[in-house]
Ligand code: ADP
Ligand code: ADP
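In the UniProt record's numbering, the protein residues as written are 5 to 249.
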């Protein structure tokens, strides 16, 4: 059984306009998307800007409400669950965004940012939490003495490492990466991609990996889905997809 099985996923956004903000149309952002993702596997999601990649990723995590369709995590459909019923599943699905600075609270230390999910989910406090955070820092190639520093004291690549550490903190089964290296210097991109690959080898979670750079996608993914106008138009093993005809 796959870790994640998405069937006929649809997301339509209402478009509002005019002074009364009446609905004037509908954007068919995701229009019947199906795919599955095995444990420890990486599925790349590619396609031109606006084709619906981010909407698929956010809907799978229920950050965006699906219009219809099934999102099965370990066989359990999480699409119809209430926010409360969803809580235990939230722990096992994390997201890493494109801009690490935008997703880090500038007033929190890096250690507090990485340790926050442990506190929110009541898993560790005090010295036990500090120990776990130090371990997470080491896993992502940061030094434990950097826990006391604030986001602006890190480089772009280091800030993305903080986001990755936070995503790892609860021992996720699935990490969605939405253009995780697009905002980084080209010289840093390969380091972060290689870190993501190493972490997966050690911890065996799955990635749903969005990127516009085909070289990056081909490097990290096992299979690749190509989206166009809200649909997956091709899905194949990366060696098949990128092989020269
Ligand atoms: P991608 O990630 O491939 O660039 P998105 O999923 O961001 O694509 O967007 C797909 C389509 O849905 C686009 O036409 C976009 O403008 C539209 N869209 C995305 N989010 C919203 C929203 N919150 N409200 C209305 N339309 C949206
Ligand atoms: P990305 O760079 O990840 O594709 P976008 O720049 O398309 O993201 O969108 C940034 C944010 O704005 C997202 O939260 C998206 O849902 C929202 N958004 C995108 N398109 C629209 C739209 N047409 N109307 C309202 N919100 C939108």
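Don't be surprised by glycine CBs; every beta carbon is placed ideally from N, CA and C.
### Coarse secondary structure for residue 191, derived from DSSP in three states
As a first step, residue 191 must be located in the chain shown, where it is residue number 187. Reduced to three states, the DSSP call for residue 191 is helix.
#### Entry: Contact set, ligand 1 heavy atom to C-beta under 6 Å
Ordered along the chain, the selected set is 17, 31, 33, 51, 53, 54, 55, 56, 57, 58, 59.
### Query
Excluding sequence positions up to five away, which residues of its chain have a Cβ less than 6 Å from the Cβ of residue 237?
As a working note, residue 237 is residue 233 in the chain shown. Excluding sequence positions up to five before and after residue 237, its CB lies within less than 6 Å of the CB of 230, all in the same chain and listed in chain order.
### Query
Who pairs with residue 2 in a beta bridge, going by DSSP?
Nothing in the structure corresponds to residue 2, since the chain is present only between 5 and 249.
### Query
Should the stretch 146-154 be called in touch with the stretch 56-75, which here means at least 3 C-beta pairs below 8 Å?
no
### Task
Please classify residue 72: does DSSP put it in a helix, a strand, or coil?
As a working note, residue 72 is residue 68 in the chain shown. Correct three-state label for residue 72: strand.
### Task
Tell me the start and end of each unbroken alpha helix (DSSP H) in the stretch 72-111 that is at least 4 residues and wholly inside, in chain order.
87-94
### Task
Using the DSSP secondary-structure output, state which residues sit across from residue 210 in a beta bridge.
Residue 210 sits at position 206 when you count from the first residue of the chain shown. In the DSSP output, where bridge partners are listed per residue, residue 210 has 178.
### Task
For the alpha helix (DSSP H) holding residue 124, just list the boundary residues, first then last.
By 1-based counting over the chain shown, the position of residue 124 is 120. Counting along the chain, the alpha helix (DSSP H) containing residue 124 begins and ends at 114-124.
### For residue 63 and residue 7, believed in contact at Cβ under 8 Å, the rounded distance
As a working mapping, residue 7 is identified with position 3 in the chain shown. As a working mapping, residue 63 is identified with position 59 in the chain shown. In fact, because the Cβ distance is near 17 Å, the residues do not count as touching under 8 Å.
### CA-to-CA distance, residue 66 to residue 82, given in whole angstroms
Walking along the chain shown from the start, residue 82 turns up at place 78. Walking along the chain shown from the start, residue 66 turns up at place 62. Answer to the nearest angstrom: the Cα atoms are 8 Å apart.
### Task
Using a Cβ cut-off of 8 Å (strictly closer), state whether residue 117 contacts chain B.
Protein chains in the displayed structure number just one, and chain B is not present.
### Task
Using 7 Å as the cut-off, classify the Cβ of residue 21 as near or not near the heavy atoms of ligand 3, replying yes or no.
This structure simply doesn't include ligand 3; it includes ligand 1 and ligand 2 instead.
### Message
Taking DSSP's pairing of strands, which residues face residue 240 in a bridge?
### Response
Walking along the chain shown from the start, residue 240 turns up at place 236. Note: residue 240 sits in a beta bridge opposite 228.
### Task
Please specify which runs of the beta strand (DSSP E), each continuous and at least 3 residues long, are wholly inside the stretch 41-65, giving them in chain order.
46-50
### Task
Let me know the secondary structure DSSP gives residue 234 once reduced to three states.
Here residue 234 refers to the residue found at position 230 of the chain shown. Coil at residue 234, not helix or strand.
#### Entry: C-alpha gap between residue 203 and residue 143, whole angstroms
Here residue 203 is taken as the residue at index 199 of the chain shown, counted from 1. Here residue 143 is taken as the residue at index 139 of the chain shown, counted from 1. If you take the alpha carbons of residue 203 and residue 143, they lie about 8 Å apart.
### Task
State buried or exposed for residue 106, treating a residue as buried only when at least 16 other CB atoms are found within 10 Å of its CB.
One-based indexing of the chain shown puts residue 106 at position 102. Per the 10 Å Cβ criterion, exposed.
### Message
According to DSSP, is residue 222 part of a helix, a strand, or is it coil?
### Response
Within the chain shown, numbered from 1, the residue matching residue 222 stands at position 218. Three-state DSSP puts residue 222 in a helix.
### Task
Tell me, please, whether the stretch 212-226 touches the stretch 23-37 by the rule of three or more beta-carbon pairs shorter than 8 Å.
By the Cβ rule, the stretch 212-226 does not count as touching the stretch 23-37, because fewer than three pairs are nearer than 8 Å.
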